[in-house]
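Take a look at the structure below.
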Amino acid sequence: MTFPKEFLWGGATAANQCEGAYLEDGKGLSTADIMTAAAENSPRKITDGIIDGEYYPSHRAVDHYHRFKEDIALFAEMGFKTYRMSIAWSRIFPNGDDEVPNEAGLKHYDEVFDTCLQYGIEPIVTLSHFETPLGLLKYGSWENRKVIDYFLRYCETVFKRYKDKVKYWLTFNEINVLSTKPWMAAGVHSDDEQVRMTTAFHQLLASAKAVQMAHEIDQANQVGMMYNGHVAYPASSDPQDIQQTNDFMHQMLFYADIQCRGHYPAYKLKEFELKGIVLPVQDGDLEELKKGTVDFVSFSYYLTHVVGKDSPLSFTGLNGVKTGYKNPHLQSSQWGWAIDPAGLRYLCNVLYDRYELPLIVVENGLGAVDKVEEDGSIHDSYRIDYVRDHLIELKKAIDIDGIPVMGYTMWGPFDIISASTGEMKKRYGFIYVDVDNDGNGTFERRKKDSFYWYKRVIASNGEVL
Ligand code: BGP
Numbered sequence: 001m002t003f004p005k006e007f008l009w010g011g012a013t014a015a016n017q018c019e020g021a022y023l024e025d026g027k028g029l030s031t032a033d034i035m036t037a038a039a040e041n042s043p044r045k046i047t048d049g050i051i052d053g054e055y056y057p058s059h060r061a062v063d064h065y066h067r068f069k070e071d072i073a074l075f076a077e078m079g080f081k082t083y084r085m086s087i088a089w090s091r092i093f094p095n096g097d098d099e100v101p102n103e104a105g106l107k108h109y110d111e112v113f114d115t116c117l118q119y120g121i122e123p124i125v126t127l128s129h130f131e132t133p134l135g136l137l138k139y140g141s142w143e144n145r146k147v148i149d150y151f152l153r154y155c156e157t158v159f160k161r162y163k164d165k166v167k168y169w170l171t172f173n174e175i176n177v178l179s180t181k182p183w184m185a186a187g188v189h190s191d192d193e194q195v196r197m198t199t200a201f202h203q204l205l206a207s208a209k210a211v212q213m214a215h216e217i218d219q220a221n222q223v224g225m226m227y228n229g230h231v232a233y234p235a236s237s238d239p240q241d242i243q244q245t246n247d248f249m250h251q252m253l254f255y256a257d258i259q260c261r262g263h264y265p266a267y268k269l270k271e272f273e274l275k276g277i278v279l280p281v282q283d284g285d286l287e288e289l290k291k292g293t294v295d296f297v298s299f300s301y302y303l304t305h306v307v308g309k310d311s312p313l314s315f316t317g318l319n320g321v322k323t324g325y326k327n328p329h330l331q332s333s334q335w336g337w338a339i340d341p342a343g344l345r346y347l348c349n350v351l352y353d354r355y356e357l358p359l360i361v362v363e364n365g366l367g368a369v370d371k372v373e374e375d376g377s378i379h380d381s382y383r384i385d386y387v388r389d390h391l392i393e394l395k396k397a398i399d400i401d402g403i404p405v406m407g408y409t410m411w412g413p414f415d416i417i418s419a420s421t422g423e424m425k426k427r428y429g430f431i432y433v434d435v436d437n438d439g440n441g442t443f444e445r446r447k448k449d450s451f452y453w454y455k456r457v458i459a460s461n462g463e464v465l
């Protein structure tokens, strides 16, 4: 038996990509609510407020806010052991800096967790998944140290409220996205390295304080960091290509280094010194980072990159990283993401060698266009192949490399809005949702072939893939 008996099989979502109800029950606007859907192959537009006539995918999304009971019942039917989801901070503190939390928002998540627990589904909760209350922009969002206190007020509120319901927490979704898409990660627009690193410092400090707070409020709490699983291969055996690859991995991994080891790595401090970047460190901050290391490492994994000296690397493109190379050994998804199951095992090794903490894959999957047949069925064998091939490699990480892996939550168990494009047609789900790119549809849920396949996988605890 490869997967441990208590392996956490499940799926993962983010509030702004599925809930909708963007102003309901007292919710305030978040940074995600002012992003339009992208035009073909271009990034999403960030508007400065609500503009009539534009389409904002998060506003209705796939209506999970009203349909969570139906969705969770479908998870239970697949045999889910866990549901990774995020709390929309602006449901709890509508403006971010409110003195008192919004009871209706708190009550909503009580109901969501109760529904999960009723089916024996363990919630894994991301505190901040690509959205910050819009009200905090007046302070400069995460660039301002003040926001740490507002975040901790929110953390304290939810840690206390859900003490008996939630024990797995993730602080910031894909914290390293701060280097590639700072708006999504932190509500900050700047390309300026000093601004980004100040912002990163504030989130890292907030994460460290949140970890300690979670442990103080309940010793049973386990808190993880969340890494956007970028992996890079050198374009050739040329030592310069190898060096560039190492540099790239440093840029991506330094956040995890701090969250797992409790201090800034030497390579980063040297880089700051050479570039003249100064961190806004106050007395006691470095001790906080040390005391607030995480209990486990969670990560998303979709694709790998090729890096080398002949083509510049830029932090643009739909997944936030663009290199001029294409891996000749790999096929790509319809969105150009290189499909690389073996890279998942490789990444597990990189992370475990570095941190020696339990791992959990909290996002993985294939974004693809699905076709609904006349009889309503959806034959998504391509998605089954993708997930199966990745699980085969995950098994090797456990069986051959001896890595402790706590669980696997595929991305978007029901179709949700794409984070990078805001589109609906980029679907990951095992459950189809009848909505199109413009938000039209019945919102009805349908089981795809992958639904039945995953159900068998979970029932056999991953023995039958
Ligand atoms: C990750 C994010 C998710 C998610 C996923 C798939 O980076 O944490 O929020 O959306 O990527 O990306 P996309 O939706 O752009 O296909």
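In terms of the UniProt record's numbering, the numbers along the sequence shown are unbroken and rise by one, the last being 465.
Glycine included, every Cβ here is placed at the ideal spot set by N, Cα and C.
Since this is a predicted model, take the numbers as computed values, not measurements.
Alpha carbon to alpha carbon, what distance is there between residue j and residue i?
i    : j    : result
S179 : G376 : 42 Å
T245 : M410 : 28 Å
Y56  : N437 : 11 Å
F248 : S237 : 16 Å
A185 : F443 : 28 Å
F93  : N102 : 6 Å
D434 : D283 : 53 Å
S90  : Q243 : 42 Å
L23  : L29  : 7 Å
W130 : A12  : In the sequence on display, residue 130 carries Phe and not Trp. Roughly 14 Å separates the two Cα atoms.
A235 : D164 : 49 Å
D310 : G229 : 24 Å
A256 : E374 : 47 Å
S128 : F172 : 5 Å
Should residue i and residue j be called a contact, given that it needs their Cβ atoms to be closer than 9 Å?
i    : j    : result
I431 : K447 : yes
G367 : Y428 : yes
H390 : P358 : no
F7   : V405 : yes
D97  : G135 : yes
Y227 : N176 : yes
T115 : F80  : no
V307 : C260 : no
L253 : M197 : no
Kindly indicate which three-state DSSP category residue i falls into: helix, strand or coil?
i    : result
I431 : strand
Q222 : strand
A186 : helix
R145 : coil
V410 : Correcting the residue identity first, residue 410 is Met in this sequence and not Val. DSSP places M410 in strand when its eight states are reduced to three.
L152 : helix
N349 : helix
W453 : helix
S90  : helix
F159 : helix
S138 : The sequence shown places Lys at residue 138, rather than the Ser named in the question. Here K138 sits in helix by DSSP.
T171 : strand
R60  : helix
E99  : coil
S179 : helix
I378 : coil
Between which residues of its own chain and residue i is the CB-CB distance below 6 Å, once the five residues before and five after are set aside?
i    : result
T132 : T31, S141 and G187
A104 : D25 and G26
V223 : W169, V211, A214, V294 and D295
L74  : I431
L378 : According to the sequence as given, residue 378 is Ile; it is not Leu. Cβ within range, chain order: D370, V372, Y432 and K448.
G343 : V231 and T304
T421 : A38
Along the alpha helix (DSSP H) that carries residue i, what are the first and last residues, could you check?
i    : result
E193 : E193 to I217
K395 : S381 to D399
K291 : D285 to K291
T115 : E103 to Q118
P239 : P239 to R261
E273 : A266 to K275
A368 : First-last for A368: undefined, no H or E at that position.
Q282 : Unbroken run through Q282: none, as it is neither H nor E.
In terms of residue numbering, what span does the beta strand (DSSP E) encompassing residue i cover?
i    : result
M85  : T82 to S86
Y65  : No beta strand (DSSP E) contains Y65, which is instead part of the alpha helix (DSSP H) from H64 to M78.
F296 : F296 to S300
W9   : L8 to A12
H305 : H305 to V307
A232 : A232 to P234
T421 : Unbroken run through T421: none, as it is neither H nor E.
What residues in its chain sit with their C-beta under 8 Å from that of residue i, if we drop five residues either side in the sequence?
i    : result
K167 : E122, D218, A220, N221 and Q222
G20  : S58, H59, R60, A61, V62, D63, H64, Y65 and H66
Can you name, in chain order, every residue of its own chain whose Cβ lies under 7 Å from the Cβ of residue i, other than the five neighbours on each side?
i    : result
A76  : Y119 and I121
V147 : L136, Y139, S141 and H202
T199 : W142, E143, L178, P182, A186 and V188
S381 : D449
F113 : P123, Y162, K165 and V166
F451 : M78, F430 and I431
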